[in-house]
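As you go down the protein sequences, you meet chains A and U in turn. Using the numbering used here, you'd call the opening residue of the first sequence number 1 and step up by one each time. Using the numbering used here, you'd call the opening residue of the second sequence number 1001 and step up by one each time. From the three backbone atoms N, C-alpha and C, an ideal C-beta is built for every residue, glycine too.
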Amino acid sequence: MDQVVLNHVTKRFTTKTLGDIVAVDDFNLSVHEGECFSFLGPSGCGKSTTLRMIAGFEDLSEGTIELCGREVSSKSKNLYIPPEERGLGMVFQSFAVWPHMNVFENVAFPLQIQKMNKTDIAQRVKEAMRHTSLTGLENVYPSDLSGGQQQRIALARAIVTQPKVMLLDEPLSNLDPKLRETMRFEIKELQRKFNFTIIFVTHDQSEAMAISDRMMVCDMGRIMQIDTPENLYNKPNSRFVHSFLGESTFINVVIQDGKVYPKGDTQNPLRLEIPPDAAREMVVATRPNSIDLVGPSEEGYPTHIEKRIFLTDRTEYLVPVGEQMLKIQVPHRISFAKGDACRIRFISPMWYPAEDDAAEKERQRRQLV
Amino acid sequence: MSRSRKNRDLAAIDGKRFSMDGALTVLSVVLLLIVVVIPVASIIYNSFFFQGHFDPQLFIGQLTDPGNLSAMWNTIKIAFWVTLLGTILGTFYAWLLGRSDIPAKGLMRALFNIPYMFPPFLGAMAWDLLLNGRSGYLNKLLVSVFHLESAPVNINSLGGIIFVEISYYFPFVFMQVVSALERMDPTLEECARIAGAKQMTVIRKITLPLVVPAISAGALLIMTTSLAHFGVPSILGFSQNIFTLPTKIYAVISRTGGSFEGIRQGAALSIMLVVVVGLALILQKKLLSSGSYDIIKGKSMRPTLIKLRGAKAPLLVLCIATLVLIVVVPLVMIFLVSLVRAYGLPLIPENFTINNYLKVFKADGTKGSIINSLMLSVGAGIICMFLGTLIAYVVQKIKPKGKEALEILSVLPYSLPGTVLAIGVILAWSGALFGISLYNTLWIILIAYIARYLSFSMKSSSAALLQVHPSLEEAARTCGASHMESLKDVTLPLIRPAMVSGFFLIFLPAMREVTTSVLLYGPKTRTLGVQIYALRDAGMIPQAAALGSIAIVIIIVCNTIVTEITKDRKGV
């Protein structure tokens, strides 16, 4: 069953400095029961606004949102269910633990609001605190606890009502890297035990990759692609998604007489299969580790080593391709010296239309919001 | 940690026995002795000693005097109600303007801050003109419209005093709470909504408890200010023989014509007042924990504004009504009365004249009073700016032994009621010590102002100095600058903006000061506030209103200049 469904959800803002902004442009997506679904994108892409609309902190400009089969926001029906009646769990980047309540009171708050009786509350809080490794800290105030412990309070408070859907708004970005990994694991563990659906907002791609069943990559208020982490990495449908996930290298190419020439080189074509709908100018995208680097006697595009950088687990080479510089990463056993002649071959690259500067400018404008 | 490093260590390594730091320390001790220690000691000494003998008779006599006891009781009652109601009012409006979707927030916030810069005794004057039990304009109107036997509202009462004080002191809480709400992480509230709490529950269980420290800080300010306040109770209470301790002190001294006996009685009353203030502070501390929560966290995001929906219109009307009542009515009243030919005539254009403005300048000492006030305010401002910075530097950077005592001494006068301070200054500097008599000169008022406002500039400079890392001065020293040069070329320029804002923090309240000046002025040393007060006392009410209007214009002009100057300040 689909537990969170967004239909044509749109959010428009008007700001004094930047005028009208479409923060969220016609979002359509459905998150399945028990799924861990990430919203991933650079700041200003609309991911947080979308999450806040699902939580009920923002109005929609258009569209509808359904939670567990119930419509909670609908612009056309003028329907708006306030956050407290949506039955969600939510964890914020700032943890948002209440400094005037001790750990027990923080975790018990949602149950007290439900007017549950005291013994049940004590039981449920104890359970939630056990699952988040907080046992024994009942009477401690949050200010005496570390960031990781505060985050656990926030988690315990979110799971104590056993919600069906859990919203996580960059919950790990205020933690140090090591703790981040542990907490990521703990969140997955909690999901397994309580079987809730997670919507996870982050701008950290490796975090999203590690935790998600599926993810949505968005940019400038538009959904770019929704798929599994693997498919997103291997078959990105746009230059943006390609560059956003993992390391990318791009080569601008010109297609002439059925041959692909890198920009600035009219002599040596790249031996690539041209996709059927290719325009004259295109972008060939690949990963630094998806390029073969071979000796000058083998097949491939002829070039030379411009720079060699020894990294811990591989060697990086910069080689000129036409007027551009291409980054290649290969295992240490493939070794060239600076100035050596060599040849390169692309392994299943992706093709994208050449992008103009306008998109980049728009992205920068939005990040000012 | 490098922060705790002392500048003095260097001088010690230099091996100099008398360094510049030592000189600065000695200088600030001497200055504090003159402006703070001697006046305070004089009060205590004169209350209990007479001609060198221990003589508790006077003090006990004053303490058991029924008139004084009732004044003390009034002081407490007024302060209690003003604090309670002012805090509620301030918190309510702070929430309304800080968290709800009420329109015209910016404008209303600016208007709500007006009472803060407006001298309360002018407000009291305005309300007296409107609702005086015998001759108030509004009272007369109500009597004639509804054919009443007597005036329906009498502002010359405890209730009246409480009302006027609330309208001028609730901004203390309002401003504190608005800024706390602004700095508060909105996710703290959102999280409670997600947990299932309704809007009202969130306010009750999350928002309010989190701003308690801010509320309590504001309430404390209201309470100490009200306990020490002179202007409003003197204008509204004298005619009905309603006294508070500060007005009683003034009454005792003016009744005895400034004789030594009267001043000694005043000193004894001062001690009573200080004890009341002290007890109130202790009580407040017991009642409200003033621990501060770390509520400033997370990414800065606009807090979700609470939709008032149906309540929006009535609440907006309430806001506007409040603003009209506390801002517009007193201003308009003062201005209208300043135009009327004679007090009591109906406020219609036929009775209007600008003669009052001309007359007021011909009246004895008006021009002088404006000049006096300007000189005193600028003088006190500049002296405090340097003295406060000096003490702040000694406390923060030189850190001599006993720096805490220095700090306490410089902040002490701030918690002393202005009336008490005035008595201390009179006792100390009218010939008792070294035969120096400054009585009836501007100097004695200047000393009182300096003592009263010193802590303002000290706090301002202190905060800035804390931001100047010792390495900055050390870098200057390694570049070849002497200690003096590094101070002059590095530290002072960095804290200059804080010094300037310290100056204005003093200049503005000093311009409208009346509490201490009214006890210290002589025939040629009236201040602006005192002159308005005296004109009104002499029955020249329209002229008093005219001078009041001029004072308001001066204050507004100065405030605008300050805001412009401090708008884009650089440095720390």
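query	result
Any chain C beta carbon closer than 7 Å to A1451 (chain U)	Among the protein chains in the structure shown, which are A and U, there is no chain C.
Interface positions of the stretch 1194–1206 of chain U facing chain A (Cβ-Cβ less than 7 Å), listed along the chain	I1194, A1195, G1196, A1197, K1198, T1201, I1206
T1187 (chain U) at chain A interface by Cβ criterion, 7 Å	yes
Through-space distance from P296 (chain A) to K1299 (chain U), alpha-carbon basis	With a pLDDT of only 44 at K1299 (chain U), under 50, the local geometry of the prediction cannot be trusted, and the value read off the model is given with reservation. Approximately 54 Å between the Cα atoms of the pair.
Whole-angstrom distance between T286 (chain A) and M350 (chain A), CA atom to CA atom	6 Å
Minimum length 3: unbroken beta strand (DSSP E) runs contained in the stretch 165–246 of chain A	165–169, 197–202, 214–219, 222–227
Where the stretch 92–106 of chain A meets chain U: residues whose CB sits under 7 Å from a CB there	F92, Q93, S94, A96, W98, P99, H100
The stretch 1198–1215 of chain U touching the stretch 1042–1055 of chain U, judged by at least three CB pairs closer than 8 Å	no
Minimum length 3: unbroken beta strand (DSSP E) runs contained in the stretch 250–337 of chain A	259–262, 281–286, 291–294, 301–304, 307–310, 315–321, 324–330
CA nearest to the CA of V1328 (chain U), picked from U:A1126, U:L1138, U:H1483, U:T1225	U:A1126
CA-to-CA distance, I1043 (chain U) to A1267 (chain U), given in whole angstroms	5 Å
Nearest neighbour of R1341 (chain U), chosen from U:T1091, U:Q1543, U:K1367, U:T1560 [CA to CA]	U:Q1543
Extent of the continuous beta strand (DSSP E) run through F27 (chain A)	19–32
Environment of H332 (chain A) [buried if 16+ CB atoms lie within 10 Å]	exposed
Counted within 10 angstroms of its Cβ, other Cβ atoms place K11 (chain A) as buried (16 or more) or exposed	buried
7 Å Cβ cutoff, C1558 (chain U) in contact with chain A	no
For K1307 (chain U), three-class secondary structure by DSSP	coil
Interface residues of chain A facing E1190 (chain U) [CB-CB closer than 9 Å]	R52, A55, F57, P83, M90, F92, A96
Beta-carbon separation (whole angstroms), L51 (chain A) vs D169 (chain A), contact threshold 8 Å	6 Å
Residue environment, C1384 (chain U), which counts as buried when at least 16 other CB atoms sit within 10 Å	buried
Residue burial classification, E298 (chain A) (beta-carbon count within 10 angstroms, cutoff 16)	exposed
Unbroken beta strand (DSSP E) run spanning N1046 (chain U), endpoints	Run containing N1046 (chain U): none in the beta strand (DSSP E); it sits in the alpha helix (DSSP H), 1038–1048.
Inter-stretch contact (C-beta, 8 Å, three-pair minimum) for the stretch 160–174 of chain A and the stretch 104–116 of chain A	yes
CB contact below 7 Å: P1574 (chain U) versus chain A	Because residue 1574 (chain U) is not part of the residues shown, which for chain U are 1001 to 1572, the question remains open.
CA-to-CA distance, L1336 (chain U) to T1353 (chain U), given in whole angstroms	10 Å
Collapsed DSSP secondary structure at D2 (chain A) in the structure displayed	strand
Nearest candidate by alpha-carbon position, reference C1191 (chain U), set A:P302, A:T303, A:V97	A:V97
Integer Cβ distance of V1518 (chain U) from Y1168 (chain U), believed to fall under 8 Å	The pair is not a contact, with the Cβ atoms about 18 Å apart (cut-off 8 Å).
Cβ of P296 (chain A) within 7 Å of any chain U Cβ	no
G1344 (chain U) to L1221 (chain U) span [Cα, whole Å]	37 Å
Where Y1343 (chain U) falls: helix, strand or coil (DSSP)	coil
Partners in chain U for Q114 (chain A), counting only beta-carbon separations shorter than 8 Å	G1196
Proximity test, Cβ basis, 7 Å: F200 (chain A) and chain U	no
Contact under 7 Å by Cβ, S1338 (chain U) with T1527 (chain U)	no
CB contact flag (S1486 (chain U), R1477 (chain U), <7 Å)	yes
With 16 other Cβ atoms within 10 Å as the buried cut-off, status of S1216 (chain U)	buried
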